[in-house]
Amino acid sequence: MAKIFLVLSSFLGFFSVALGAFGAHALKQRFNEYQLDIFHTGVTYQFYHALALGLVGALLLRTPEIPLLKTAGYAFVFGVIVFSGSLYLLAFTQVKWLGAITPIGGVGFLVGWAIMGIALAKHF
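Position 121 (the sequence shown) corresponds to 129 in the working numbering; numbering is contiguous.
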């Protein structure tokens with residue numbers, strides 16, 4: 009699982025940079041300020057949690073016996089998909105109900121950080 013999290017972290021980081029550049033250049037003329045802000049928030053949180061997922065993968069390489077770390081990694085992946093994904097869709101479609109889904113992804117992020125903290129407190 010460590011290798012999967014590390015590879016996924018790299019891809020999420022790559023796409024964060026690519027989407028950030030896309031938003032800054034290609035979408036600047038197409039989106040209004042509100043849409044750009046939503047898109048930027050999705051990119052920012054995706055990037056932070058790409059790094060968090062990389063940390064989980066690195067920790068799992070060192071301590072594969074800590075199953076809570078896998079749970080934290082899954083929570084981060086879920087959070088990126090739901091939080092950032094819903095913000096990207098909202099920015100492109102302006103379908104307002106998508107904003108109601110975003111906090112579910114935010115809970116995924118919170119769960120990931122909390123579980124990682126608990127795992128580290130127990131084992132280090």
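Think of the CB as a built atom: it goes at the ideal place given N, C-alpha and C, for glycine as much as any other residue. All values reported here derive from a predicted model rather than from experimental measurement.
The distance from the Cβ of L61 to that of G81 is about 6 Å, consistent with a contact at the 8 Å cut-off. Three or more beta-carbon pairs separated by less than 8 Å link the region 112–130 to the region 70–89, which places the two stretches in contact. If you draw a 10 Å sphere on the C-beta of F19, you find fewer than 16 other C-beta atoms in it, and that means exposed. For L59, the secondary structure class from DSSP, reduced to helix, strand or coil, is helix. Here A108 is actually not in contact with I46; their C-beta atoms are around 14 Å apart, not less than 8 Å. Just measuring C-alpha positions, the residue of H48, H131 and L35 sitting nearest L76 is H131.
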